[in-house]
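Numbering (full-length UniProt numbering), first residue to last: 1 to 406.
Think of the CB as a built atom: it goes at the ideal place given N, C-alpha and C, for glycine as much as any other residue.
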Ligand SMILES: [Zn+2]
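1. With DSSP collapsed to three states, give me the class of residue 40.
2. Among 109, 38, 182, 159, which has the Cα closest to the Cα of residue 167?
3. Have a look at residue 150 and residue 401 and give me their C-alpha separation to the nearest angstrom.
4. Say the cut is 7 Å; is the CB of residue 53 nearer than that to a heavy atom of ligand 1?
5. Need the endpoints of the alpha helix (DSSP H) that residue 282 sits in, please.
6. Out of 157, 383, 51, which one is the CA nearest neighbour of residue 101?
7. Going by beta carbon distance, what residues of the same chain come within less than 6 Å of residue 299, once the five residues before and after it are set aside?
8. Compare the C-alpha of residue 197 against each of 185, 184, 188, 216 and name the closest.
9. Can you tell me whether residue 197 is helix, strand or coil according to DSSP?
10. Look at the alpha carbon of residue 264 and the alpha carbon of residue 136, and state the distance between them as a whole number of angstroms.
11. Give the single residue among 327, 5, 333, 28 whose Cα lies nearest to the Cα of residue 45.
12. Looking only at its chain, what residues have a beta carbon closer than 6 Å to the beta carbon of residue 147, apart from the 5 residues adjacent to it on each side?
13. What number of angstroms, rounded off, separates the C-alpha of residue 237 from the C-alpha of residue 262?
14. Under a three-way DSSP split, which group does residue 149 fall into?
15. Kindly give me the distance between the Cβ atoms of residue 399 and residue 205, rounded to whole angstroms, as I take these residues to be in contact under 8 Å.
16. How many Å lie between residue 409 and residue 396 at the Cα?
17. Assign residue 310 to one of three DSSP states: helix, strand, or coil.
18. To the nearest whole angstrom, what separates the beta carbons of residue 199 and residue 14, a pair I think is in contact under 8 Å?
19. For residue 276, does the three-state DSSP call read helix, strand or coil?
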């Protein structure tokens, strides 16, 4: 395979530390024939010794993934809406008054945050390839955010107080082009606010399942600092937040424009102490991932041998990575349950386990066990399953396979 360069540093080769085998894309085959023609890609992770960015070595063009049957919009949970309410309040709290203050959000998805910001008197604009009008009528430019789009918006609408991007840094094709767009759009004293899955949390809680093709990069503060530095930006404040099993909300501004908060210094110190630029932590992670595959297989095999049926509850992207990496197919997992009508009745990517509705899972013929594939929001999922009437025993697959007593 050709060598992969760090997407932040550009000229530094990424060192491979983990192979997650052959993986499908996040597309649900409608029938056997489609399943047989499914394409697989090797999924491998590497890290950069200069900036500690962790990234997928082979990535699929985002345009392929965004086209057709893309399920991103289906996924906003109640917990995430609450999270966005909190973020909207926090952003409003940055100003004495939000009147006349402007926000551009790229990767604005269904516009949930835009509408919440508009309700707090911000002047809002979204940029998203889906480009739909939001529920409350906030305007969205149908495009991928780029240096061109940023410069055009600055010229036609003026510069903005805030640029916001949630969970898009992981999968933008050209990070530096996007950051060029941010710097041309941001006012001199403006703030760029991003949320990204945090590498330290990912390593600590063994979240290899979050590596899927749409999400090809995993950031530390060290890596973000390096990316920002190249564009005259600096990190000024960081909050650790629970999204996705551990994320960071990072505020950046033009270098010298804002006072740097203690939170930035603390997380840089934490990362230095973990030695995120040395291979040791990644080698250890890869060993733990392999052990996890063995443990999960042992547990499922034990349950199946005892005559029980085992389901997997929900089919987010991370479930695709885990079940395919662990080699768990229809002989191991009887069914996968879902609430999205776009997945029900189809086959699970790669392993081709039939997908049934959550109602059916909780119906007359219930399996005895269910693996919680959205384990990072376990409380919300467990409440849903119990409310639906599912009485089986629940298993949390990560960080350790664990049978729950609730
Ligand atoms: Zn790098």
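Concretely, from the data shown:
1. strand
2. 109
3. 45 Å
4. yes
5. 280–305
6. 157
7. 401
8. 216
9. strand
10. 35 Å
11. 5
12. 177, 180, 181
13. 8 Å
14. helix
15. 5 Å
16. Any question about residue 409 goes unanswered here, given that the chain covers just 1 to 406.
17. strand
18. Contact flag wrong, Cβ pair sits at about 14 Å.
19. coil
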